[in-house]
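**Student:** Residue numbers (the numbering used here): 22 to 396. My questions will all concern the structure given below.
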């Protein structure tokens, strides 16, 4: 195994596949990156058994001899990120080592035989479709933050993805909040899809896919793959049934407020300095006469309140809410104003972006609810 390659291309590839490298484990090979040198390209692979990423380099590379070997991901990537030479020569030498040679120096890194590296299972294709990278990335950004962590309810530690003829829907919930993002497709597709993609996989996909990529999605036998550009991302799917959440979103309200989103974010950040001592529990008072008031109860470090202007319709009311959850929802919206509505202080709180440009032809829809806190 011997090849010469553009340092920049190799650094880019390592940055992508490194996201699928396992941390410190009892299986050292999972901490490695597989380097496979073919007749016309070099393929880097990382596989932590939950997710795998392949990245093919087929330009700015000169192959002298084919072969394969695996090297420790962190060490190899850290070293390559410090290399400033335009090109480097990589060669498998004796003593199970890879030699990295540049104009400024030579380094040898010990690794593990390629035969020990876990093979990525072939996907028995049941479904294949292609979406714009911008749709996939934005759908993940709008929903990932409200997915669950841990293994208490495994199906909530992922994003529900429903794809129909003219619509792509992503949804997530941790049982305290729920997000849904719909995108209407300009060109209908003739396939349908409904699966739960792990949150960790979704996070990595969001970081790898670019808006102008065309993303091919292949699914089958509890596995899914995303092909975009030079990268291929493989992942298991989550088994189980995602909650039927369609009736969770309230269809009426007794109190509704429309508030400037940026002003509300700043107010919440101020109140969070105090409310963090009380698990970020705050009260929101809404009145058609006096506007909106955010308050914390007294904590060991103090108490506080922030007043906001905004329009309030319906009944005057007070609700309790987790201010961090609220901030995270506001952070994925891009409208100037948001609408906040609820039926009573014990009912789910609906948070919606307010369309401030009627001429804008954005057919996407975002909905979010937060469960209230007792006050």
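Backbone N, C-alpha and C define an ideal beta-carbon position, used for all residues, glycine too.
With 16 other CB atoms within 10 Å as the buried threshold, where does residue 161 fall?
**Tutor:** Per the 10 Å Cβ criterion, buried.
**Student:** Along the beta strand (DSSP E) that carries residue 202, what are the first and last residues, could you check?
**Tutor:** Start and end: 198 to 205.
**Student:** Just checking, does the stretch 265 to 275 make contact with the stretch 349 to 368 on the three C-beta pairs under 8 Å criterion?
**Tutor:** The stretch 265 to 275 vs the stretch 349 to 368: in contact.
**Student:** For the beta strand (DSSP E) holding residue 33, just list the boundary residues, first then last.
**Tutor:** Residue 33 -> not in any beta strand (DSSP E); alpha helix (DSSP H) instead, spanning 28 to 38.
**Student:** Taking the CB atoms as reference points, tell me whether residue 182 and residue 138 lie closer together than 9 Å.
**Tutor:** The answer is no: Cβ separation not under 9 Å.
**Student:** Pick out the complete beta strand (DSSP E) segments inside the stretch 275 to 329, 3 residues or longer, and give them in chain order.
**Tutor:** You should have 276 to 281, 302 to 308, 312 to 316, 326 to 329.
**Student:** Considering only residues of the same chain and omitting the five flanking positions on each side of residue 380, which have a CB-CB separation below 8 Å?
**Tutor:** Note on residue 380: pLDDT 46, under 50, position unreliable in the model; the coordinate value appears next. For residue 380, where only same-chain residues beyond five positions count, there are no Cβ hits under 8 Å.
**Student:** What is the residue span of the alpha helix (DSSP H) that residue 157 lies within?
**Tutor:** 154 to 164 is the span of the alpha helix (DSSP H), which, as asked, contains residue 157.
**Student:** Could you tell me which whole beta strand (DSSP E) segments of length 3 or greater appear in the stretch 176 to 250?
**Tutor:** Listed in chain order, they are 179 to 184, 188 to 194, 198 to 205, 214 to 219, 235 to 241, 244 to 249.
**Student:** What does the alpha-carbon distance come out to for the pair residue 57 and residue 64?
**Tutor:** Each residue's alpha carbon lies about 5 Å from the other.
**Student:** With a CB to CB cut of under 7 Å and the five nearest residues on each side skipped, what residues in its chain are close to residue 308?
**Tutor:** Within the same chain, residue 308 has close Cβ partners 333, 337.
**Student:** Who are the Cβ neighbours of residue 246 in its own chain at under 7 Å, not counting the five residues just before and after it?
**Tutor:** Cβ within range, chain order: 144, 239, 253, 254, 255.
**Student:** Do residue 349 and residue 221 have their beta-carbon atoms positioned less than 9 Å apart in this structure?
**Tutor:** Against a cut-off of 9 Å, the Cβ pair of residue 349 and residue 221 comes out as no contact.
**Student:** Whose C-beta lies closer than 8 Å to the C-beta of residue 7 among residues of the same chain, with five residues either side of it excluded?
**Tutor:** Since the first and last residues shown for the chain are 22 and 396, residue 7 lies out of range.
**Student:** Taking the alpha carbon of residue 180 as the point to measure from, which residue in 186, 169, 187 has its own alpha carbon closest?
**Tutor:** Residue 169 is the option with its Cα nearest to residue 180.
**Student:** Would residue 60 be called buried (16 or more neighbouring beta carbons within 10 Å of its own) or exposed?
**Tutor:** Burial call: exposed.
**Student:** Mind pulling the alpha helix (DSSP H) runs of 4 or more residues that sit fully within the stretch 323 to 372?
**Tutor:** List check, alpha helix (DSSP H) in window: 344 to 352.
**Student:** Quick check: the Cα distance between residue 390 and residue 198, rounded to an integer number of angstroms?
**Tutor:** Taking the straight line joining both Cα atoms gives about 5 Å.
**Student:** I need the straight-line Cα distance from residue 95 to residue 237, nearest angstrom please.
**Tutor:** About 29 Å.
**Student:** Among residues of its own chain, excluding the 5 on either side of residue 195, which ones have a beta-carbon nearer than 7 Å to its beta-carbon?
**Tutor:** Only 167, 168, 169, 177 meet the Cβ criterion.
**Student:** Enumerate in chain order the residues of its own chain whose CB-to-CB distance from residue 345 is below 8 Å, with the five nearest sequence positions on each side excluded.
**Tutor:** Closer than 8 Å at the Cβ level, and outside the excluded window around residue 345, lie 293, 301.
**Student:** Give the secondary structure of residue 12 by DSSP, where H, G and I count as helix, E and B as strand, and everything else as coil.
**Tutor:** Any answer about residue 12 is impossible in this case: the structure gives the chain only from 22 up to 396.
**Student:** Taking 8 Å as the cut-off, does the stretch 280 to 294 touch the stretch 316 to 327 (at least 3 CB pairs, one atom from each stretch)?
**Tutor:** These segments touch.
**Student:** Helix, strand or coil for residue 380 per DSSP?
**Tutor:** The predicted position of residue 380 is uncertain, since its pLDDT is 46 and thus under 50; no value can be drawn from it.
**Student:** So, at 8 Å on beta carbons, what are the nonlocal neighbours of residue 244 in its own chain, with the 5 sequence-adjacent residues on each side left out?
**Tutor:** Once the five neighbours on either side are set aside, the close Cβ partners of residue 244 are 142, 144, 255, 256, 257, 258.
**Student:** Pick out the complete alpha helix (DSSP H) segments inside the stretch 79 to 121, 4 residues or longer, and give them in chain order.
**Tutor:** For the stretch 79 to 121, whole alpha helix (DSSP H) runs of length 4 or above, ordered along the chain, are 94 to 102.
**Student:** Taking Cβ to Cβ, would you say residue 12 is nearer than 9 Å to residue 286?
**Tutor:** Outside the shown range of the chain (22 to 396) lies residue 12, about which nothing can therefore be said.
**Student:** Pick from 296, 99, 49: whose alpha carbon is nearest that of residue 341?
**Tutor:** Here the closest residue by C-alpha is 296.
**Student:** Do residue 202 and residue 164 have their C-beta atoms closer together than 9 Å?
**Tutor:** Cβ distance < 9 Å, so residue 202 and residue 164 count as in contact.
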